[in-house]
Amino acid sequence: MRAGVVEELCYRGYAIERLPAPGLPRGMAAGVPLLIFGVGHWTGGRLNIAIALLLGAILALFYIWRRDLLGNMIGHTLVDFIPNVLPKLLR
Numbered sequence: 001m002r003a004g005v006v007e008e009l010c011y012r013g014y015a016i017e018r019l020p021a022p023g024l025p026r027g028m029a030a031g032v033p034l035l036i037f038g039v040g041h042w043t044g045g046r047l048n049i050a051i052a053l054l055l056g057a058i059l060a061l062f063y064i065w066r067r068d069l070l071g072n073m074i075g076h077t078l079v080d081f082i083p084n085v086l087p088k089l090l091r
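First residue of the sequence shown: 1, per this note's numbering; consecutive thereafter.
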């Protein structure tokens, strides 16, 4: 569950805020860490990369819109928790 917190801190909170400094537009600043985030999920195959890219894009858009890193962390943690942990708890 730490992945949601750490990934949001790195990919959204840090990268989106720091990449525009060298002159990148905010949209591109969100795209660079999004691609790294997606490729970072390659061990699950192409479908996992596609899901990571889609959810990463949603989280990036939410962060750009609201600037709510805590909200992103909670949302990301829930996205990880619901399919990975909840079914095991309900057995």
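We put the beta carbon where it would ideally sit given N, CA and C, even for glycine.
Cβ-Cβ distance between residue i and residue j below 8 angstroms
i: Ala29; j: Ile16; result: yes
i: Leu34; j: Ala50; result: no
i: Leu55; j: Val32; result: no
i: Glu8; j: Phe37; result: no
i: Gly13; j: Leu69; result: yes
i: Ala57; j: His41; result: no
Coarse secondary structure for residue i, derived from DSSP in three states
i: Ala3; result: helix
i: Asp68; result: coil
i: Gly75; result: helix
i: Leu19; result: coil
i: Gly85; result: Reading off the sequence shown, one finds Val at residue 85, where the question assumed Gly. It is coil, neither helix nor strand.
i: Gly44; result: helix
i: Arg12; result: helix
i: Arg91; result: coil
i: Pro33; result: helix
i: Leu24; result: coil
Closest residue to residue i among the options (Cα-Cα distance)
i: Tyr11; options: Tyr63, Ile82, Ile74; result: Tyr63
CB contact below 8 angstroms: residue i versus chain D
i: Gly38; result: The chain labelled as chain D is not found in the depicted structure, where only one protein chain is given.
Any non-hydrogen atom of the ligand ADP within 7 angstroms of residue i CB
i: Tyr14; result: For the structure depicted, the ligand ADP is absent and the ligand set is empty, with no information on it obtainable.
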